[in-house]
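For reference, the structure is listed below as structure tokens.
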Amino acid sequence: MTMNFRSNTYDAGAARDRCRKYRKRILEVSQQVQALHIGGAFSCTEIVDTIYHGLMRRHGTNPGSPDTFLMSKGHGCMIQYVILEDLGVLTRHDLDLYCKPGGVLGCHPDYGVPGIEASTGSLGHGLSMALGMAYADKTQGKDGNVYCVLSDGEVQEGSTWEATMMASSFGVSNLIAFMDNNDFQSLGRTHETHPSFYPVIDKYVAFGWEAVECDGHDPGAIHDAVANREGGKPLMVVCKTTKGKGVSYMENVPMWHYRAPNKEELEQAIREIDGAAA
Amino acid sequence: MRNTFSETLYECAKADPMIYIVVADISPAGSMANFQHEYPDRFLNVGVAEQSMIGIAAGLALKGCRPFAYTIATFSLYRPFEMVRDDLCYQNLPVTVVGMGAGVIYSTLGGTHHTMEDIAVAGAIPNMQIIAPCDPLETIEATRHCALQSKGPVYLRIGKAGEPHLTENAVDPWEFGKIRYIRRGDDVCILTYGVLTKMAAEVADSLEAQGKSVSLVSCHTVKPLDRKGIEAALASHKHVIVIEENVPQGGLAAQTKQIAWDTQATCRLDTFTLRDEFIHNYGSYDDLLDAHGISQAKILAAVA
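Top to bottom, those sequences are chains A and B. To convert a position in the first sequence, counted from 1, into the working numbering, add 1215. To convert a position in the second sequence, counted from 1, into the working numbering, add 1.
So, in structure tokens, the structure goes:
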């Protein structure tokens, strides 16, 4: 198929450097205000980084793109904010006012904020909207890809399956979805609470999607999963991830779904993230 | 109304490539076949999947399209309520949610197919606009308005089939956001909207036969309601009657009472609405309305 993503010579090393920077920036914001979802943002850091830096096309320094990104797991938006800041779409001032009066950034993305293409937060809305966007691009003759990141928990929403079921019938090969499969939801590990959820990849194949699995913390693998796709169908990349990835005491610990570290915890977190560069 | 909606939307779609219709396994008859045949890309049948119908319509609108989401009222508004609220109203997108066969028109299908509180439910959501045309002619006006407007979401509440023309000789033209005098009198003013306007017109005829001078008003734009127009109607008639196919809360009757209180109106005010009770009866549309006290005879007896 024709290459309509950003690059096929993706620098995974540079991606790892960026992801370290983004995780530290999120931790920095966590010291301003206690309200943020760190665990879910760290779990999809590499996924969202790869979408913005490896897949979505941009023109020069212009942040405008023919492609669209929609964060269906709205609670993971902290990683989107710090990337948009890095791209110059949001400002440092915007992040300084995160969750504060007078600011525009909250715990879930809000349509109308620069770089935010849809309001999400309630789970199970994003894939249908992404499908509508992809269909609009396709039928309006625009060469746009729509990238959508879902949590594995929200895949349990019936509305997500409605969209899953019909996407292939609508021929939206420009719809590219990623599942942040950290196997965690509020009341436990998904493989324990809902064992029949797995194997999830088969369910997408059954509904006419192309579906692949990859290490969701390996930027090169995420990029290649899209770059090497067969095409002609909507694509689901099931990204195996770790909630709270990058900080040992956060990894797979539910408390870090929505909690900010104290000063000592912060220092340790930064040491560990920096240490991963060594 | 269904056929008229369908013909009008087809005409609008010919002129505007951004018009889409997303249906959930229920399609308006008539010209929709032409729409589907000529613009297959812009006719989406999502199957029996109403939540996704609304989400897809939102996605289309986020890309600059002006979609209509169409199915039976209870499935277009209640089933995907949170999608209507978050995807359409919160994001303030120009999507028209068509509620077909609203109220108790599906009189033999039972309570699961009734929308007795759709006006209250839709009207409670910020940004939502509500239009309920009273006849095929108003349906043309309303559909054109929805196709052209880019302000935000609209709940377009229409009937089914066979509604008569009531506004051919209306005193006022149709204008979004304004109440419309179909006929204008001095003594009694009947405020109504939607399919029930036919019965309201019959009540007006009977009152006129009793020698009264009667205004008949189509309050087609239920939200935003023309408060000034209602205020003027309350001030210029001795007796105002609201006839409405909605529960007592959150509709035209409740709002008219509120306006009457706010403006210290001195007229007599009678309201006839569905009750705050589900209907477990079957029969004709008129039979179901009658079960909740809405019939020409009962209204005439009550307003005497």
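C-beta: ideal position from N, C-alpha, C; glycine also.
message: Using CA atoms only, rank isn't needed, just tell me which of A/Q1400, A/A1382 and A/S1337 is closest to A/G1368.
response: Proximity to A/G1368 across A/Q1400, A/A1382 and A/S1337 peaks at A/Q1400, based on C-alpha coordinates.
- prompt: For A/D1395, does the three-state DSSP call read helix, strand or coil?
  reply: In the structure shown, A/D1395 falls within a strand segment according to DSSP collapsed to helix, strand and coil.
For A/S1498, the first and last residue of its enclosing beta strand (DSSP E): Past the boundaries of the shown model lies residue 1498 of chain A; chain A is included only from 1216 to 1493, so the question cannot be answered.
- request: Kindly list, in the order they appear in chain B, the residues whose Cβ is closer than 7 Å to that of A/L1169.
  value: No answer is possible for residue 1169 of chain A: the residues shown for chain A start at 1216 and end at 1493.
message: Strictly under 7 Å for the Cβ-Cβ distance: is A/Y1225 near chain B by that measure?
response: Under the Cβ distance rule, A/Y1225 does not count among the residues neighbouring chain B, no pair being separated by less than 7 Å.
message: Against chain A, which members of the stretch 30 to 53 of chain B pass a CB distance test of less than 8 Å?
response: The residues in question are D42, R43, L45, V47, G48, A50, Q52 and S53.
query: Taking the continuous beta strand (DSSP E) assigned at A/F1284, which residues delimit it?
result: Per DSSP, the unbroken beta strand (DSSP E) holding A/F1284 starts and ends at T1283 to M1286.
message: Could you compute how far the alpha carbon of A/M1216 sits from the alpha carbon of A/H1438?
response: Residue placement at A/M1216 is poorly supported in this model, since its pLDDT is 43, which falls under 50; the coordinates still yield a value, given next. It is roughly 16 Å from the alpha-carbon of A/M1216 to the alpha-carbon of A/H1438.
query: Which chain A residues are close to B/C66, counting only those with a beta carbon under 7 Å from its beta carbon?
result: Chain A residues near B/C66: A1351.
field: Proximal residues of chain A, C-beta to C-beta of B/M320 below 8 Å
entry: Here chain B has residues from 2 to 305 only, and residue 320 of chain B is not among them.
task: Evaluate A/K1460 with the Cβ neighbour count: other Cβ atoms within 10 Å of its Cβ, from every protein chain shown; 16 or more gives buried, anything less gives exposed.
output: Classification of A/K1460: buried, given that the 10 Å Cβ count is 16 or more.
- prompt: If you measure from the beta carbon of B/Q92 to each beta carbon in chain A, is any gap under 7 Å?
  reply: Chain A contact via Cβ: present.
query: What does B/P249 pair with, by DSSP beta-bridge criteria?
result: DSSP lists no partner for B/P249.
- request: Assuming B/V248 and B/E118 form a contact by the criterion Cβ under 8 Å, report the distance between their Cβ atoms to the nearest whole angstrom.
  value: Cβ atoms of B/V248 and B/E118 come within 8 Å of each other, at about 5 Å.
query: In the structure shown, what three-state DSSP assignment does B/D227 receive?
result: Per DSSP, reduced to three states, the secondary structure at B/D227 is coil, with no helix or strand assignment.
- request: Drop a sphere of 10 angstroms on the beta-carbon of B/V172, count the other beta-carbons inside from all chains shown, and report buried for 16 or more, exposed for fewer.
  value: Answer is exposed; the Cβ neighbour count stays below 16.
- request: Leaving out five residues on either side along the sequence, give the residues of the same chain with a beta carbon under 6 Å from the beta carbon of B/R67.
  value: So the qualifying residues of the chain are M19, I20 and P95.
query: To the nearest angstrom, how far is it from the Cα of B/A70 to the Cα of B/D17?
result: Taken atom to atom, the span from the alpha-carbon of B/A70 to that of B/D17 is near 17 Å.
task: Report yes if the CB atom of B/T144 is closer than 7 Å to the CB atom of B/F6, and no otherwise.
output: Taking 7 Å as the Cβ cut-off, B/T144 and B/F6 qualify as a contacting pair.
message: Against chain A, does B/D88 count as a neighbour if the rule is that its beta carbon must be under 7 Å from one of theirs?
response: Yes, its Cβ sits closer than 7 Å to a Cβ of chain A.
- prompt: How should A/A1230 be labelled, buried or exposed, when 16 other C-beta atoms within 10 angstroms of its C-beta is the threshold for buried?
  reply: A/A1230 should be labelled buried.
- request: Starting from the N-terminal side, write out each stretch of the alpha helix (DSSP H) that is 4 residues or longer and does not extend beyond the stretch 1403 to 1473 of chain A.
  value: As far as the stretch 1403 to 1473 of chain A is concerned, its whole alpha helix (DSSP H) runs of at least 4 residues are 1405 to 1408, 1415 to 1421 and 1434 to 1442.
- request: Output the distance between the C-alpha atoms of B/I73 and A/T1283, rounded to the nearest integer angstrom.
  value: The straight-line gap separating the alpha-carbon atoms of B/I73 and A/T1283 is approximately 32 Å.
- request: Kindly list the residues whose CB is nearer than 7 Å to the CB of B/D88, restricted to its own chain and excluding five residues on each side of it in sequence; keep chain order.
  value: So the list reads I55, G56 and A59, once near-sequence residues are dropped.
- prompt: Can you tell me whether B/L217 is buried or exposed, with buried defined as 16 or more other CB within 10 angstroms of its CB?
  reply: Here B/L217 is buried, its C-beta having at least 16 other C-beta atoms within 10 Å.
query: If we ignore side chains and look at the alpha-carbon of each, how far apart do A/H1432 and A/A1333 end up?
result: Answer to the nearest angstrom: the Cα atoms are 25 Å apart.
field: Supposed contact pair B/C135 and B/T198 - C-beta distance, whole angstroms, cut 8 Å
entry: The C-beta distance from B/T198 to B/C135 rounds to 4 Å, short enough to meet the 8 Å contact threshold.
query: Given a threshold of 16 other Cβ atoms within 10 Å of its Cβ, counted over all protein chains shown, does A/Y1464 qualify as buried or as exposed?
result: With a threshold of 16 other beta carbon atoms within 10 Å, A/Y1464 falls short and is exposed.
query: Do you know whose CA, among B/S207, B/F76 and B/L45, lies nearest B/Y156's CA?
result: The residue among B/S207, B/F76 and B/L45 with its C-alpha nearest the C-alpha of B/Y156 is B/F76.
query: Which class does B/R145 belong to by DSSP, given the choice of helix, strand or coil?
result: If DSSP states are grouped into helix, strand and coil, B/R145 belongs with the helices.
- request: Could you tell me which uninterrupted alpha helix (DSSP H) segments, each at least 4 residues in length, are contained entirely in the stretch 14 to 62 of chain B, listed from first to last along the chain?
  value: With a minimum length of 4 residues, the continuous alpha helix (DSSP H) runs that stay inside the stretch 14 to 62 of chain B are 33 to 39.
query: Got a sec: is the Cβ-Cβ distance from A/M1394 to anything in chain B below 7 Å?
result: It does not; no Cβ of chain B falls within 7 Å.
Residue from A/E1466, A/G1386 and A/L1365 whose Cα sits closest to the Cα of A/A1392: With respect to the C-alpha of A/A1392, the residue from A/E1466, A/G1386 and A/L1365 having the closest C-alpha is A/L1365.
query: beta strand (DSSP E) containing B/F273: first to last residue?
result: Per DSSP, B/F273 belongs to the beta strand (DSSP E) from R269 to F273.
message: Against chain A, does B/S7 count as a neighbour if the rule is that its beta carbon must be under 7 Å from one of theirs?
response: With its beta carbon at least 7 Å from every one in chain A, B/S7 lies outside the interface.
field: Opposing strand residues paired with B/T72 [DSSP bridges]
entry: In the DSSP output, where bridge partners are listed per residue, B/T72 has B/G100.
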